[in-house]
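Visitor:
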Amino acid sequence: MQSKNKPRPTTCEREHIALVKQMDCGVCGAAGPSEAHEIEQGAWFTSLPLCADCHRGSFNGIHGQKRIWTVLKKDELSVLNDTIRKLMYA
Ligand SMILES: [Zn+2]
Ligand SMILES: [Zn+2]
1 MQSKNKPRPT TCEREHIALV KQMDCGVCGA AGPSEAHEIE QGAWFTSLPL
51 CADCHRGSFN GIHGQKRIWT VLKKDELSVL NDTIRKLMYA
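Here the sequence shown stands for residues 1 to 90, where the numbers follow the UniProt record's numbering.
#1: Starting from ALA31, follow its DSSP beta bridges and name the residues at the other end.
#2: Between ILE68 and CYS28, is the Cβ-Cβ spacing less than 8 Å?
#3: Are LEU50 and GLU35 touching if we call contact CB-CB under 8 Å?
#4: Use the C-beta contact count for SER47: other C-beta atoms within 10 angstroms, 16 or more gives buried, fewer gives exposed.
#5: For ligand 2, is there a heavy atom less than 7 Å away from the beta-carbon of ILE17?
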């Protein structure tokens, strides 16, 4: 969903988002396609592949209580680190 004052992603940003969404969940490893979570709004190259639960789950999700993130000792930067490694070097 695009909000009104959010700039549209450029072509290369859209390509990157599509790649991220093809990946498995960066937290629990659930098979993709995943949702793209923006660490910072509009900073698409730092978006993370997350399954619906690790993304929006009220108990496990980054937008909820982040329980699975705590259990698996993940945070946005560690998942971003893994995401970049998988995209570029895996
Ligand atoms: Zn997950
Ligand atoms: Zn999100």
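Glycine is no exception: its CB is placed at the ideal position from the N, C-alpha and C atoms.
Guide: Per the coordinate set shown:
#1: Here the question's residue 31 lines up with position 31 in the sequence shown. As far as DSSP is concerned, ALA31 takes part in no beta bridge.
#2: For this step, residue 68 is matched to residue 68 along the sequence shown. For this step, residue 28 is matched to residue 28 along the sequence shown. Their beta carbons are under 8 Å apart, which means ILE68 touches CYS28 by this criterion.
#3: On the sequence shown, position 50 is the one that residue 50 refers to. On the sequence shown, position 35 is the one that residue 35 refers to. Closer than 8 Å, so yes.
#4: What you label residue 47 is simply residue 47 of the sequence shown in a count that begins at 1. It is buried - the Cβ of SER47 has at least 16 other Cβ atoms within 10 Å.
#5: Within the sequence shown, residue 17 is the residue found at index 17, counting from 1. Distances from the CB of ILE17 to the heavy atoms of ligand 2 are all 7 Å or more.
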